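Residues in the sequence shown are numbered consecutively from 5, following the numbering used here.
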Amino acid sequence: MAKNKRERNQNPQPFLADDDSVASTKKHSKAPKHHQKQDKMISSGMSSKILKEALLQQKEIEEEASGGIAKSAFGSVEEEPNKHEEEEDIDDFGGFSETQSQFGNYEEEIDEDDEKLLEAFLSKDAGPQRTLADVIIQRIKENDANAASEKQPLPKLDDSLIDLYKGVGKFLNKYTAGKMPKAFKHIPSMQLWEDVLYLTQPENWSPNAMFQATRIFASNLGAKKAERFYRLVLLPRVRDDIRKNKRLHFALYQSLKKALYKPAAFNKGILFPLCKSGTCNLREAVIVGSVLEKVSIPMLHSSVALMKLAEMEYCGTTSYFIKLLLEKKYALPYRVVDAVVAHFMRFLEDTRIMPVIWHQSLLAFVQRSVKFI
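Printed below as a string of structure tokens:
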């Protein structure tokens with residue numbers, strides 16, 4: 005009996021035919037997890053893509069500043085991108101109830117002393133924020149000047165069209181839920197879409213109407229046009245609501261989340277103008293920043309945003325957004341790392357007392373990138 009036991013023990017793996025099979029039972033090293041890969045530097049190819057995207061965005065911003073985009077607004081209609089949402093889904097909107105209409109759950113992050121300290125870094129000479137109304141009024145003046153100088157005037161809208169969209173505007177002022185007017189859904193495909201949109205008086209839309217409009221324009225406009233809608237319509241409304249109510253209406257907060265589905269347009273239409281204004285306070289930064297925290301942003305767009313913010317003229321709340329983007333823990337190309345290093349080096353001889361958020365952004369950078377510096 006004992007002999008049989010010994011024989012059985014001599015071959016503990018009777019179903020393995022050869023040494024190779026035995027070797028295959030050894031533990032294999034696990035593939036590195038996704039978050040572990042993020043700590044490695046990205047390839048030179050991806051770094052090149054990020055730099056090209058940053059240069060492209062800078063070129064577009066410069067063109068807009070010189071009036072290039074305004075002139076092209078009367079050009080051919082852009083090819084419509086694929087729709088992300090069906091019209092039925094938009095028309096089924098049930099509205100946001102007033103019990104959830106205010107968004108302001110970040111009071112604990114807003115310290116009064118920090119808020120006062122950050123005010124020292126705000127621009128004292130910043131002018132009023134540019135809105136869609138300002139753009140259209142300037143365009144009308146230019147059109148009148150062209151007519152006086154016998155140049156070819158810009159095309160005018162038909163009177164019946166004007167009356168139609170003024171009526172749409174009155175409807176949107178009181179909109180709470182349900183179907184959106186078909187005439188409004190056609191605006192993104194129009195050649196003079198900005199002029200038509202102006203007739204509806206976006207500054208008077210209800211918060212729910214702004215949410216629906218953002219869904220429609222984010223789905224049906226190309227990145228450049230969406231960026232203009234965000235910058236000239238959505239951003240002024242969001243900032244105005246925060247300053248008046250010390251909070252942001254829930255429908256407007258959801259509008260920001262929808263806008264981020266076009267990350268390049270969000271960067272150029274919301275994030276960059278907000279920081280460049282020189283008047284972004286801590287409350288605005290915390291609320292808008294919470295959107296960046298909650299919604300996933302592609303690494304390419306996140307890196308471009310970080311580099312652009314680092315290169316901007318400093319405004320206290322810029323540090324808040326830099327910190328948020330660093331905490332995404334994405335791998336950064338050397339070009340972006342260099343830009344962030346240069347950003348902090350600019351403060352070596354600054355005698356001002358830096359706000360806590362500046363120190364937090366520096367700490368976040370050191371923790372994430374010290375091995376690559």
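We put the CB at the ideal spot given by N, CA and C, even for glycine. Just so you know, these numbers come straight off a predicted model, no measurement behind them.
| Query | Result |
| --- | --- |
| For F276, I'd like the list of residues in its chain whose CB is within less than 7 Å of its CB, leaving aside the five on either flank, ordered along the chain. | K312 |
| For A227, which residues of its own chain have a beta-carbon under 7 Å away from its beta-carbon, when the five flanking residues on both sides are left out? | K266, A268 and A269 |
| Where does S164 land, buried or exposed, given buried means 16+ other C-beta within 10 angstroms? | exposed |
| Report yes if the CB atom of T218 is closer than 8 Å to the CB atom of L238, and no otherwise. | yes |
| L278 by DSSP, collapsed to three states: which one? | helix |
| Measuring only the C-alpha atoms, how far is G320 from K183? | 42 Å |
| Determine the extent of the alpha helix (DSSP H) in which M214 is found, giving its start and end residues. | P211 to N224 |
| DSSP on L352, reduced to helix/strand/coil? | coil |
| Counting Cβ pairs, one atom from each stretch, are 3 or more of them under 8 Å apart for the segment 285-297 and the segment 241-250? | yes |
| What span of residues does the alpha helix (DSSP H) with P192 cover, start to end? | No alpha helix (DSSP H) contains P192, which DSSP labels as neither H nor E. |
| For the alpha helix (DSSP H) holding E288, just list the boundary residues, first then last. | L286 to K298 |
| One question on the structure: do L260 and V292 come within less than 8 Å of each other, judged by their Cβ atoms? | yes |
| Could you give the residue range of the alpha helix (DSSP H) that holds E315? | M303 to E315 |
| Comparing alpha-carbon positions, which option in W197, E331 and Y234 lies nearest S365? | E331 |
| Quick check: the Cα distance between G271 and R356, rounded to an integer number of angstroms? | The sequence given here places Asn at residue 271; Gly does not occur at that position. N271 and R356: Cα-Cα distance of roughly 29 Å. |
| Need the endpoints of the alpha helix (DSSP H) that Q371 sits in, please. | V360 to S373 |
| Pull up the CB-CB distance for Y334 and M303, whole angstroms please, since I reckon it's below 8 Å. | 5 Å |
| Is L296 buried or exposed, if buried means 16 or more other CB atoms sit within 10 Å of its CB? | buried |
| Among the residues of its own chain, which have a CB less than 7 Å from the CB of I94, if the five just before and after it don't count? | M184, Q216, R219 and I220 |
| What would DSSP say about A335, mapped onto helix, strand or coil? | coil |
| Measure the C-alpha to C-alpha separation of L203 and I191 and round it to an integer number of angstroms. | 11 Å |
| First and last residue of the alpha helix (DSSP H) that includes T204? | Neither: T204 is in no alpha helix (DSSP H) and is coded neither H nor E. |
| Smallest Cα separation from E315: which of V345, L176, K262 and K186? | V345 |
| What is the DSSP secondary structure of I357, counted as helix, strand or coil? | coil |
| Provide the residue span of the alpha helix (DSSP H) that contains F270, from first to last. | P267 to F270 |
| Does the Cβ of D199 have 16 or more other Cβ atoms within 10 Å, making it buried, or fewer, making it exposed? | buried |
| Under the assumption that M214 contacts L256 (Cβ atoms under 8 Å), give the Cβ distance between them as a whole number of angstroms. | 6 Å |
| Return the CA-CA distance between F351 and W362, expressed in angstroms with no decimal places. | 10 Å |
| The alpha helix (DSSP H) with R232 in it runs from where to where? | A227 to F233 |
| Got a sec, what are the start and stop residues for the alpha helix (DSSP H) Y179 sits in? | Run containing Y179: none; DSSP gives neither H nor E here. |
| Leaving out the 5 sequence neighbours to the left and right, which residues in its chain are closer than 6 Å to S306 when beta-carbon positions are compared? | L329, K332 and Y334 |
| Rounded to a whole number of angstroms, what is the C-alpha to C-alpha distance between I326 and S210? | 32 Å |
| Give the range of the alpha helix (DSSP H) segment to which Y324 is assigned. | T322 to L330 |
| Measuring CB to CB, does R241 end up less than 8 Å from G273? | no |
| To which residues of the same chain is Y179 closer than 8 Å at the C-beta, ignoring the five residues directly before and after it? | W209, S210, N212, A213 and Q216 |
| Whose C-beta lies closer than 6 Å to the C-beta of F233 among residues of the same chain, with five residues either side of it excluded? | F221 |
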